[in-house]
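Each residue of the sequence shown is one higher than the last, beginning at 147 in my numbering.
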Amino acid sequence: MCGFSGVLGPRNRAAAERVGAMTRRLRHRGPDDFGTWQHDFALRGSDYALGFGHARLSILDTSDAGHQPMTSSDGRVTITYNGEIYNFRELRDELATLGHAFRTECDTEVVLESYRAWGCEAFDRFIGMFAFALWDHAEQRLVLVRDRLGIKPLYYGFWDGVLCFGSELSALRVHPAFPEEIDSVALGSFVRHGYVAGPRTIYRHAARLMPGELVLWEAGALERRRYWSLLEPEAAPVPSDFEEAVRQLDELLGDAVERRLVSDVPLGAFLSGGIDSSAVVALMKERARGPVRTFSIGFRQEQWDEAPHARRVAEHLGTEHTELYVGVEDAVGVAREIYSLYDEPFADSSAVPTVLLSRLTREHVTVALSGDGGDELFGGYWQYWKLRTLLRLHSLPTLLRSGLRAAAGWLPSGPLRNGLLHLESPDAAHLAYALLCGCREETLAALCGAEAARPNPVYLESFHAAPVDGDVRRAMLADARVYLPDDILTKVDRASMSVALEARVPILDHRVARFAFRLPLDLLWHGGEKKAPLRGVLYRRVPREILERPKQGFSLPITALLGDELRSWAKDYLEPGRLREEGHFAPEGVSRLLEEARRRGGEEQESEQLWRLLTFQRWFARHHGAERPAAGA
């Protein structure tokens with residue numbers, strides 16, 4: 147696991163030598179080694195410069211042989227790479243039969259030789275998480291690639307003929323020509339969801355690769371395309387019954403976990419005591435060659451404390467369990483620095499315990515398996531049950547739907563109210579999208595402008611393109627393309643890599659994901675239980691009574707954490723004169739948003755919206771205002 151950056155452009159303007167400064171901004175992702183590489187070339191009468199930088203976290207082949215950027219043995223291909231290819235040994239053996247020689251024991255060289263053998267078709271052979279930049283010397287072509295589910299990040303910007311790219315936006319900002327204009331549509335996305343939905347970023351002139359996408363640079367032009375899609379039909383048959391579904395998932399997920407145990411450094415797992423992380427740890431315990439180490443965070447405030455649940459699972463499975471109890475003051479400390487840990491505004495409060503858990507885990511191991519992805523792939527969120535109910539109401543006569551819509555005006559502000567307000571919409575995609583939104587479109591328009599209030603087109607397109615039966619399944623597929631990479635995986639990547647901890651997510655093995663989306667809804671919710679196949683795998687190993695408890699989640703109530711501090715921040719960061727000067731939020735829109743939240747949802751809803759506004763304002767001040775750190779910090 148690593149961080150990388152790069153610059154490509156006309157030789158007199160590309161400033162490829164600046165790639166060192168860009169990569170140093172990513173040293174938290176890779177503290178073990180550092181390297182840069184520069185290449186000058188001529189193309190169609192023009193001179194170009196290309197620079198790669200790499201900050202390495204050594205996991206496989208920790209010797210100097212794994213140094214990056216790395217060039218293939220024949221000199222044809224150079225790469226800077228972040229991730230792990232878990233089937234690299236099988237690919238290495240296959241490539242050896244084709245005459246490829248290897249100098250290292252790391253997967254980076256396997257990626258290089260795979261591209262030499264199969265070109266861009268090689269990417270579909272990889273089992274793993276990855277993002278990389280690859281220069282083909284023979285074709286004079288740059289390839290930027292992101293893995294199928296979007297586990298690893300990759301950002302890029304193209305302006306005035308200069309292409310910049312990197313693992314985090316913070317690297318791009320180091321380039322002196324980077325245009326720092328805030329994207330109002332992305333800002334609206336952030337206020338609506340608490341994160342910026344791709345492919346946009348918070349900056350108008352930068353973008354992120356979506357899951358399963360690549361970008362090609364050839365002769366000064368960019369082409370962006372998908373090389374893999376979760377939406378493509380799967381040839382394998384649907385399991386005939388629930389028991390067969392559990393059996394197949396057990397085999398697939400077991401193999402995914404086993405592949406992610408390959409490491410030349412200490413390895414462990416996050417354990418919350420919930421279904422997803424417990425299933426991963428149970429399968430890990432069966433396949434690990436030595437003791438399994440697990441880690442959890444406990445809160446001294448009982449209402450937030452998951453540690454006893456995790457402890458019971460750990461005791462049953464016999465893991466070497468470590469837990470750390472923290473208090474409100476610890477969570478508040480992290481909440482105050484979230485805007486500096488994340489390279490664009492991010493207001494998911496579950497980032498706070500994720501950062502604390504990552505810091506604890508990194509004190510003992512360098513790699514940790516995580517249970518992320520189970521809710522998205524196997525229908526674990528309550529919003530899907532709510533959507534099914536709303537879809538049934540959607541079929542009622544027009545008069546009844548109009549009455550329900552009118553009654554929704556008296557409900558607290560939030561997703562359910564938004565869903566009822568969209569009952570008369572003829573499009574189920576808009577109904578599903580409304581369940582993701584915590585404020586009305588007209589309120590958001592008053593805050594950020596009309597364009598910012600429009601629904602995310604990527605979500606709607608993914609919903610409509612899904613080749614599955616049922617609108618609930620289509621909503622799950624759209625979430626897997628938007629919410630999963632832009633919220634859940636962004637949260638885990640930044641939290642873990644802030645302390646150079648590699649987080650691996652076996653449930654998001656692309657083979658498991660494809661299998662999950664072949665299952666009909668009645669198998670996912672078999673017997674009235676959400677995530678029933680995943681539960682079935684776990685119940686083979688852990689008694690049901692150990693696991694039975696209400697779904698708790700990993701988020702924290704912002705009001706209880708920060709209390710009056712939010713009000714104090716608001717007096718400074720949301721002061722009308724400051725808002726008008728900065729021009730991101732209309733002061734009248736801020737008042738309207740908070741008043742609606744207070745009137746409809748009470749103090750907690752108001753504080754949630756206030757937290758999002760303040761997260762952006764404090765992030766902006768940190769990176770672009772009076773609180774901006776000195777260069778190189």
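Backbone N, C-alpha and C define an ideal beta-carbon position, used for all residues, glycine too.
Asked, Found
"Boundaries of the alpha helix (DSSP H) in which residue 625 is found, first to last residue", "617 to 627"
"Close beta carbons around residue 769, own chain, < 6 Å, minus the five adjacent residues each side", "none"
"Terminal residues of the beta strand (DSSP E) in which residue 679 lies", "Counting along the chain, residue 679 falls outside any beta strand (DSSP E), though it belongs to the alpha helix (DSSP H) covering 678 to 685."
"Option nearest residue 679 by Cα separation, candidates 689, 661 and 694", "661"
"Contact the region 333 to 340 vs the region 268 to 275: 3+ CB pairs below 8 Å", "no"
"Inter-residue Cα distance where the pair is residue 776 and residue 320", "Its pLDDT being 48, under 50, residue 776 is placed unreliably by the model, and the measurement read from it follows with that caveat. Roughly 11 Å separates the two Cα atoms."
"Nearest-angstrom beta carbon gap, residue 470 and residue 417 [assumed within contact, 8 Å]", "Their Cβ separation, rounded to whole angstroms, is 13 Å, which puts residue 417 and residue 470 out of contact at 8 Å."
"Separation of residue 420 from residue 309, as counted between CA atoms", "43 Å"
"Status (buried if at least 16 other CB within 10 Å, exposed otherwise) for residue 548", "exposed"
"Neighbourhood of residue 659 by C-beta, 7 Å cutoff - its chain only, sequence neighbours within 5 removed", "295, 376 and 523"
"Three-pair Cβ contact test at 8 Å for the region 356 to 375 versus the region 165 to 174", "no"
"Member of 460, 245, 492 and 502 whose CA lies at the smallest distance from the CA of residue 473", "502"
"Own chain, CB closer than 8 Å to residue 808, minus 5 neighbours either side, in chain order", "As shown, the chain starts at 147 and ends at 779. That puts residue 808 outside it, with no answer to give."
"Residue from 277, 279 and 243 with nearest C-alpha to residue 263", "243"
"Cβ pair count under 8 Å reaching 3, the region 724 to 736 against the region 439 to 458", "no"
"Rounded separation between residue 297 and residue 639 - CA only", "8 Å"
"Helix, strand or coil at residue 647 [DSSP, three-state]", "coil"
"Rounded separation between residue 714 and residue 763 - CA only", "13 Å"
"The region 515 to 529 / the region 663 to 679 touching (three or more Cβ pairs under 8 Å)", "yes"
"Own chain residues within Cβ distance below 7 Å of residue 779, not counting five before or after", "Reliability fails at residue 779, whose pLDDT of 45 lies under 50, so the model's placement of it is uncertain and no value is given."
"Touching by the beta-carbon criterion (3+ pairs, under 8 Å), the region 173 to 190 and the region 198 to 208", "yes"
"Cut-off 8 Å between Cβ atoms - residues of its own chain near residue 101, not counting five sequence neighbours on either side", "What is shown of the chain runs 147 to 779, which leaves residue 101 out entirely."
"Residue environment, residue 637, which counts as buried when at least 16 other CB atoms sit within 10 Å", "buried"
"Paired residues, beta bridge with residue 439 - DSSP", "466"
"For residue 366 and residue 307, believed in contact at Cβ under 8 Å, the rounded distance", "7 Å"
"Sequence-distant residues of its chain with Cβ nearer than 6 Å to residue 444 (five each side left out)", "451, 453, 469 and 471"
"Local conformation of residue 779 per DSSP, three classes", "Its pLDDT being 45, under 50, residue 779 is placed unreliably by the model, and the measurement read from it follows with that caveat. Residue 779 falls in the coil class under three-state DSSP."
"7 Å Cβ cutoff, residue 609 in contact with chain B", "Of the protein chains in the structure, only one exists, and it is not chain B."
"Distance between beta carbons of residue 403 and residue 516, contact taken as under 8 Å", "Going by Cβ atoms, the distance from residue 516 to residue 403 rounds to 11 Å, so no, they are not a contact pair."
"Reduced DSSP category for residue 499 - H, G, I as helix; E, B as strand; rest coil", "helix"
"Residue 155 (DSSP reduced to helix, strand or coil)", "strand"
"Spatial distance of residue 466 from residue 597 (CA atoms)", "52 Å"
"Per DSSP, the bridge partner or partners of residue 359", "372"
"Any beta strand (DSSP E) of 3 or more consecutive residues that is wholly inside the region 216 to 279", "223 to 231"
"The region 392 to 400 / the region 682 to 696 touching (three or more Cβ pairs under 8 Å)", "yes"
"Sequence-distant residues of the same chain with beta carbon closer than 6 Å to residue 228, five excluded per side", "148, 150, 277, 298 and 313"
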